[in-house]
Structure formats: structure tokens, C-alpha cells
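Numbering (full-length UniProt numbering), first residue to last: 1 to 171.
Just below is one structure, and these are the notes that go with it.
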């Protein structure tokens, strides 16, 4: 079956009171992928996400390659998580369920990935700042070491000039 519409497709998965509250997906004219309707004016009850917690959950997820039962192993392999694991980790916030345990909504998958990426960016920024701090400490330590070496050299010369062992000099 082939379907063609010159203006693209819009599929609504809700019964909107108006066009401005419709929820669904669209295939834009000339597009090659579904576009999720994600207009901020159609959203409410925003909650922050704990990116560090998301990273911990992702690091413990069962990830790898797999195929659907009955598919040719040599032709149809996939990468990614299991819907049950994804739902167990990300399928609930304080207001209610997010998704279900047999499939993964692409918008939710993308959202989890963006939250994790944002958490990684923050972690890298913290590590870079700490690295700068350590570099400054190392530079100061090397300067102290250089000064100590210069003082030891000076003390050895002074000891030679006084014909007194450096260890017996009292400063």
C-alpha cells in the first residue's frame, strides 16, 4: 500500500478541543521522519528531572544487540534497551505513569537521552573546573619545589664558603 499526500501527514492521537491542543505526530511535506508535536504551549505540570539519577539508571540498564523473534538473525538486528527495563527505570514520576512496559515512546526515549546528556555536560564542567584547580595546585607545588631547590643550592654554597657542613648550620 502506498499513500501520498502533497502536504504531508498529521496524525492526532487525541480528541482535541481545538487545533492548539492537538497531540500527535506529523510527517512534514518532503520530510523523511515522524515529527512529534512538542509545542510548549500544549504542555503543563512541568517537573525537573534528576539527571545524575538518570545516568545511574542508564549505566545499570541491560543494553546490547538483539532481534525480534522470528526475524532473520543475519538481516534484522537491533541495538537498545528492553521496554520493561526502560519503563521500570523511567516510567513513573510523582504525578503518574510515563509510557508502558511493552514499547518505548520515541519522544520519551529522546527526552531521557537529552536529560542524560545534560547531566554529562554538567559533570564534565565540574571535572574541568576541578582539573583547573588541580593544575593550579600542581603549578604552585612546582614553584615551591623550585624555590626549595634554589634554597638548598644557596645553603650548600654558603656552607662551602663558611667551610661548615650545611647540616650543622642553624638558621
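By construction, the Cβ of each residue, glycine as well, lies at the ideal position given by its N, Cα and C atoms.
Taking the runs of the alpha helix (DSSP H) that are 4 residues or longer, which of them lie wholly in the segment 44-87? 51-60
Do the CB positions of residue 29 and residue 51 come within less than 8 Å of each other? no
Inter-residue Cα distance where the pair is residue 108 and residue 99: 8 Å
Do residue 54 and residue 124 have their beta-carbon atoms positioned less than 8 Å apart in this structure? no
With distances taken Cα to Cα, identify the nearest neighbour of residue 45 among 14, 24, 96, 4. 96
Which residues share a DSSP beta bridge with residue 93? 96
Thinking just about the alpha-carbon of each residue, which of 72, 32, 142, 61 is nearest to the one in residue 88? 61
Out of 64, 86, 35, point me to the one whose CA is closest to residue 78's CA. 64
CA nearest to the CA of residue 26, picked from 32, 20, 36, 18: 36
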